[in-house]
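Letter by letter, the sequence shown follows residues 1 to 491 of my numbering.
Don't be surprised by glycine CBs; every beta carbon is placed ideally from N, CA and C.
Keep in mind that this is a model prediction, so the values were computed, not measured.
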Amino acid sequence: MAQLHELTVQELSEKLAKKEISSKELTIHFINRTERLDDKTRAYISINQDNALKQAEQADKLLAKGDCHIMTGIPIALKDIYCVDGGRTTCASRMLENFIAPYHATVTAKILSANMPLLGKLNMDEFAMGSTTKTSYFGYTHNPWDLQAIPGGSSGGSAAAIAAGLTPLSVGTDTGGSIRQPASCCGITGLKPTYGVVSRWGQIAFASSLDQGGPMAKSAVDCAFLLDVISGYDEKDSTSIEQPETSTTKHLEDSIKGLKIGVPYHLFEDNKEVVGEENIQHLKQAIELYQSLGCEIIDITINNLDSAIAAYYIIASAEASSNLSRYDGVRYGYRCENPVDLTDLYKRTRSEGFGEEVKRRLMIGTYVLSAGYFDAYYLQAQKVRQIITNEFKQLFSQVNTILLPTKPGSAFNLDSNDQDPVSIYMEDIFTIPINLAGLPALSMPIGFDNIKRPLGMQLIGNYKEEHLLLNLSHHYQKETDWHKQTPPNFS
Ligand code: GLN
């Protein structure tokens, strides 16, 4: 019989409603697994045991009365970028090591008002800058499929915890790929919604015009249930948008016959070495499956992917240098010991409080915004962003979705790429253009490579069409069982 952590959220919810289990038992199950297994993965930064049990007891009272929300009593863990009132919120940085948030992020508030017990906070790259969790001040997370491999990042703790069965769900954030790339590395499903669908209020800022929170789970169905909890217009976030649909779950079973899937075959052919042979084979099998389900496959050309990485690292770093100026040792967060004057306070606080990668981005960001270089870099990057956005707009007049690899190959080893930030930046070559355009995109597992590391596929949608991506992914997952597999050492 399947164990509790192997069940989908839908199955868990049915068990709760039928009183076959209580939310407290379920919460204890995940806490016990975390105590037993998280030494191997190191996915959690903090565990919220006492509060989680209280929240579970509260959920059980509601469940006893019946007529509850489908998510009532289902535990969840958050990326440690979301503020939890009275709880530690570190963003995996020394700068916020002891920061206690004074309010809930909108995402946190929505989760708690759905009576979902909050298990704890998950590891990530420092300030969400990275693709491995190796920039975390608290040390890195291991991929449950292979402890030598990266879990991906920046939401690597979230992806690893779900794959290892240490939480059924998580909310991650994606500025350039940080939900989709770790989802791909750990063999789970993750959705970056249209920019503005999930509120950024109380989500610690990295690059505000790109940051977007979204659901991470084993399956598309579970992501849809969670998206319905966390999405919604929020007047506290000035970039929040009027919502596309009240519910993505109600579209899961819609027919996908006749939907047009655009596939840029030229990218696979021209970049065989980057994408990887095994990845291409699995992508082709997925394409055939969609064809057999009645979708129309259309060969498309995408021209502007090459320039996306350069534009992204200029724009994201520029925004980061502005957002992170608040960490000055005066207002809140880390402060250096015995500063001699204000300049010394700023300098040492920021030198000691931030890690190498964050400092690299802040230097780049400050440089590209400086008077002499603004036109040459920042303005130019914004033009590239517009060109990419226009190209997608044009492509979505021909197709309903675009299919791409999520990332090059599978997860690489934790001990590789140490000296070379640019090769790590290439991890997001297929995900970054989507953030620049503000579109929704989903990653789901489509198989394993020959050393049993998961491979992922990405589906990109037009604005506000996340329901279509979840619908397409759900149909794929009804025919396959990649998303149901569990890493052998975490059964
Ligand atoms: N890996 C990318 C970066 O380091 C994306 C990070 C993210 O999406 N938060 O900027």
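Sheet register partners of residue i (DSSP bridge)
i, result
"R200", "Beta-bridge pairing links R200 to no other residue."
"S46", "K121"
"V9", "Paired residues: none, contrary to the question."
"I81", "BP columns for I81 are empty, so no partner."
"A205", "Looking at the DSSP assignment, A205 forms no beta bridge with any residue, so it has no partner."
"Q212", "D174"
"R36", "According to DSSP, which records beta bridges pairwise, R36 is partnered with nothing at all."
"I76", "L118"
"L16", "DSSP, once it has assigned bridges, lists no residue as partnering L16."
"A217", "L169, T189"
"R180", "Answer is none; R180 lacks a bridge partner."
Length of the line joining the Cα atoms of residue i and residue j
i, j, result
"A311", "I388", "10 Å"
"R180", "K54", "32 Å"
"T431", "L112", "30 Å"
"P215", "K79", "11 Å"
"S540", "D228", "No answer is possible for residue 540: it lies beyond the span of the chain, which begins at 1 and ends at 491."
"I162", "Y373", "43 Å"
"E253", "L259", "14 Å"
"G495", "P488", "Because the chain spans 1 through 491 in this model, residue 495 falls outside it and cannot be assessed."
"A64", "G86", "29 Å"
"T72", "A17", "9 Å"
"E465", "F396", "11 Å"
"V340", "Y346", "11 Å"
"Y463", "S219", "22 Å"
"P117", "L267", "43 Å"
"G329", "T349", "6 Å"
"W482", "G409", "17 Å"
"E25", "G157", "23 Å"
"K383", "N32", "51 Å"
"S317", "L226", "30 Å"
"V221", "S231", "15 Å"
"E97", "T89", "8 Å"
"Q291", "L122", "38 Å"
"N143", "Y137", "18 Å"
"E35", "Q49", "11 Å"
"S155", "G213", "10 Å"
"V399", "N390", "15 Å"
"R385", "V197", "20 Å"
"Q3", "S23", "15 Å"
"G66", "D60", "10 Å"
"P193", "E337", "42 Å"
"H69", "A109", "15 Å"
"K484", "L342", "55 Å"
"S423", "S131", "11 Å"
"N271", "W145", "26 Å"
"G187", "D344", "46 Å"
"T41", "E126", "18 Å"
Residues of its chain near residue i, where Cβ-Cβ distance is below 7 Å and the 5 sequence neighbours each way are ignored
i, result
"Q148", "N413, L414"
"I256", "L293, G294, C295, N471, L472, H475"
"A224", "T248, T249, L252, L470"
"L459", "T401, L403, A441, L442, L469, L472, S473"
"S321", "L362, G365, T366, L369"
"D211", "T173, T175, R200, Q203, A205"
"D38", "Y44, L166"
"A105", "Y82, C83, W201, G202, Q203"
"L289", "Y476, E479"
6 Å CB neighbourhood of residue i in its chain, flanking five on each side removed
i, result
"I47", "G120"
"G353", "R94, M95, Y334"
"P168", "V9"
"L305", "P433"
"E278", "D449"
"S184", "T406, K407, S443, G456"
"G139", "none"
"G190", "I179, R180, A183, M216, S443"
"K15", "I21"
Sequence-distant residues of the same chain with beta carbon closer than 8 Å to residue i, five excluded per side
i, result
"S208", "R200, T239, E319, N323"
"Y103", "C83, D85, G202"
"I76", "I111, M116, P117, L118, L119, T167, P168, L169, S170, V171, L226"
"I309", "Y425, M426, D428, I429, I432"
"E242", "Y233"
"I315", "A207, S209, L210, Y378, A381, Q382, R385, L436"
"Q58", "N115"
query: In the segment 227 to 301, which residue ranges form an unbroken beta strand (DSSP E) of at least 3 residues, counting only runs that do not cross its ends?
result: Entirely contained in the segment 227 to 301, the beta strand (DSSP E) runs reaching 3 residues are, in chain order, 260 to 263, 296 to 299.
field: Unbroken stretches of the alpha helix (DSSP H), 4 residues or longer, contained in the segment 292 to 375
entry: DSSP runs (the alpha helix (DSSP H)) wholly in the segment 292 to 375: 308 to 323, 342 to 353, 356 to 369.
Completely contained beta strand (DSSP E) runs for the segment 368 to 414, where each covers 3 or more residues: Qualifying beta strand (DSSP E) stretches, in chain order: 401 to 405.
- request: Please list the segments of the beta strand (DSSP E) lying wholly inside the segment 94 to 171, counting only runs of 3 or more residues, in order along the chain.
  value: Here the runs fully enclosed are 118 to 122.
- prompt: For the segment 417 to 488, which segments carrying the alpha helix (DSSP H) assignment without a break, of at least 4 residues, lie completely within its bounds, in sequence order?
  reply: Secondary structure within the segment 417 to 488: the alpha helix (DSSP H) runs of 4 or more consecutive residues, fully enclosed, are 421 to 425, 432 to 437, 466 to 479 (chain order).
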